[in-house]
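Okay, so the sequence shown: first residue is 1 according to the UniProt record's numbering, each after it adds one.
Glycine residues also receive a C-beta, built at the ideal position from the N, C-alpha and C atoms.
Predicted model, so just to flag it, every value in this text is computed and none were measured.
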Amino acid sequence: MKIQCNACEAAEANVLCCADEAALCWACDQEVHAANKLAGKHQRVPLTDSSSSQVPKCDICQKLDDREEDLNSDSSSDSLIT
C-alpha cells in the first residue's frame, strides 16, 4: 500500500518527518524543510526502506506497546501463583 504525500496529496510519500508527523514526497520534503534552519534539523526516515525498525512509532502505537508489555508481564506473574 502506497502512502500519499500529506502536503501535495498527489505524489507518493517517500519520507516520514517525525517532528511534523507528516509523510512527504521528495519535492515537498525539500520545500518544507528548506524553510528555515530548525525545520532542516527535523528527523526524517525513508518510507521506501524495507526495514521498519527505523521508523519511529507514533504516540498511540507506543502506548499500545506499553499496555501489551504490561499485560504480558501481569499474565506471566499470574502463572507463577498457584
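What are the boundary residues of the alpha helix (DSSP H) that residue i is part of?
| i | result |
| --- | --- |
| residue 39 | 37-40 |
| residue 28 | 26-33 |
Per DSSP, what kind of secondary structure is residue i in: helix, strand or coil?
| i | result |
| --- | --- |
| residue 47 | coil |
| residue 17 | strand |
| residue 12 | strand |
According to the Cβ coordinates, are residue i and residue j closer than 8 Å?
| i | j | result |
| --- | --- | --- |
| residue 6 | residue 48 | no |
| residue 58 | residue 28 | no |
| residue 42 | residue 18 | yes |
If you compare alpha carbons, which of the options is closest to residue i?
| i | options | result |
| --- | --- | --- |
| residue 44 | 61, 4, 60 and 20 | 20 |
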